[in-house]
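Read left to right, the sequence shown gives residues 1 to 255 (full-length UniProt numbering). Here is the structure we will look at.
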Amino acid sequence: MGDDDPTPGRPGLAERDAGRPAPDPAAGERSGRPHYTGHRQRLRQRFLDGGPDALPDYELLELLLFLAQPRGDVKPLAKDLLARFGSFAEVIAAAPADLMTVKGLGEAGVVALKTAEESARRLLRREISERPVIASWEALIDYCHAAMARRGEEEFRVLFLDRRHRLIADEVQQRGTIDHTPLYPREVCKRALELRASALVLVHNHPSGDPTPSVADVDMTREVKTVAKGLGMTVHDHLIIARSGHCSLAQMGLL
1 MGDDDPTPGR
11 PGLAERDAGR
21 PAPDPAAGER
31 SGRPHYTGHR
41 QRLRQRFLDG
51 GPDALPDYEL
61 LELLLFLAQP
71 RGDVKPLAKD
81 LLARFGSFAE
91 VIAAAPADLM
101 TVKGLGEAGV
111 VALKTAEESA
121 RRLLRREISE
131 RPVIASWEAL
141 IDYCHAAMAR
151 RGEEEFRVLF
161 LDRRHRLIAD
171 EVQQRGTIDH
181 TPLYPREVCK
191 RALELRASAL
201 VLVHNHPSGD
211 PTPSVADVDM
221 TREVKTVAKG
231 LGMTVHDHLI
241 IARSGHCSLA
251 QMGLL
């Protein structure tokens, strides 16, 4: 009989969201094996059978932590990470230095979590690379949100497009402080000429969580637009990305 099968007078050994009783460590000790024996395989099987939607956030984190910690019970660590950062997305997007402050999470665990974040970002980037950006605007927003929304400092990136509005390059131009990122319009347009781009989409994040554009954001956008226009290039939009959502200066009539 498997270690997940209840026996008379003995609670189940696997804690499930469906209401099964929590594992009894003492029972594991009496049987001569840890209470989490078999848990990893059962969790992997549930993932394979039901997909990621079958698992709550802490169990999905457990699967990632299995890669970094081949032995032991990582459920407490997964729950500590969620308590510290708030959600699965916030955990994998957290800065490595912040992740390292969580007791029990070493370098291998940080690498596993950041690998998951980068994998998601590359999948989203592929979606916007295969079609004209203008025709896949929602995918573009998703990509920018994944790439920038949870960063602790301002980051300014430019999407360089060809004449068919396909992505040539996505480059971070500047990084700044928590509330300021300098951007130099002539440097942006110089890079666009090097890439033979015909259009630009400007994107930056607001670490404060509020995507509302500032007066400086609007003024800088208009400066870039003026320089670009003189070189025969179009600025399609300036997107401001934040945890709470995004703003489009074009949609707001501010471009």
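Ideal placement from N, C-alpha and C gives every residue a C-beta, glycine not left out. Keep in mind that this is a model prediction, so the values were computed, not measured.
Burial state of residue i, where buried means 16 or more other Cβ atoms lie within 10 Å
i    : result
V227 : buried
R157 : buried
A78  : buried
S244 : exposed
K229 : exposed
E59  : buried
G109 : buried
T101 : exposed
M252 : exposed
S119 : exposed
E138 : exposed
E154 : buried
L48  : exposed
A83  : exposed
L231 : exposed
S208 : exposed
First and last residue of the uninterrupted beta strand (DSSP E) at residue i
i    : result
T234 : T234 to A242
L159 : E155 to L161
I134 : I134 -> no beta strand (DSSP E), and no H or E assigned at all.
G245 : G245 to S248
First and last residue of the uninterrupted alpha helix (DSSP H) at residue i
i    : result
G230 : V215 to G230
V91  : F88 to A93
Assigned secondary structure, residue i (DSSP; H/G/I helix, E/B strand, else coil)
i    : result
H165 : coil
V188 : helix
A199 : strand
R150 : coil
H204 : strand
V102 : coil
Q80  : What sits at residue 80 in the sequence shown is Asp, not Gln. The answer is helix: DSSP assigns D80 an H, G or I state.
D170 : strand
Proximity test, residue i beta-carbon vs the ligand FMN heavy atom, cut-off 6 Å
i    : result
G253 : This structure lacks the ligand FMN; in fact it carries no ligand of any kind.
Original post:
Counting pairs of beta carbons, one from the segment 137 to 155 and one from the segment 186 to 197, are three or more of them closer than 8 Å?
Top reply: no
**OP:** Decide if the segment 109 to 117 is in contact with the segment 208 to 218; the criterion is three or more beta carbon pairs, one per stretch, under 8 Å apart.
**Re:** no
Original post:
Do the segment 195 to 213 and the segment 236 to 246 make contact, defined as three or more Cβ pairs closer than 8 Å?
Top reply: yes
Original post:
Unbroken alpha helix (DSSP H) runs of length 4 or more, entirely within the segment 39 to 77: which are they?
Top reply: 39 to 50 and 57 to 68
Original post:
Given 8 Å as the limit, is there contact between the segment 65 to 78 and the segment 100 to 109, that is, 3 or more CB pairs closer than that?
Top reply: yes
**OP:** Count the CB pairs spanning the segment 125 to 133 and the segment 165 to 176 that are closer than 8 Å, and state whether there are at least three.
**Re:** yes
**OP:** Kindly confirm or deny that the segment 74 to 94 and the segment 41 to 58 touch, where touching means at least three C-beta pairs closer than 8 Å.
**Re:** yes
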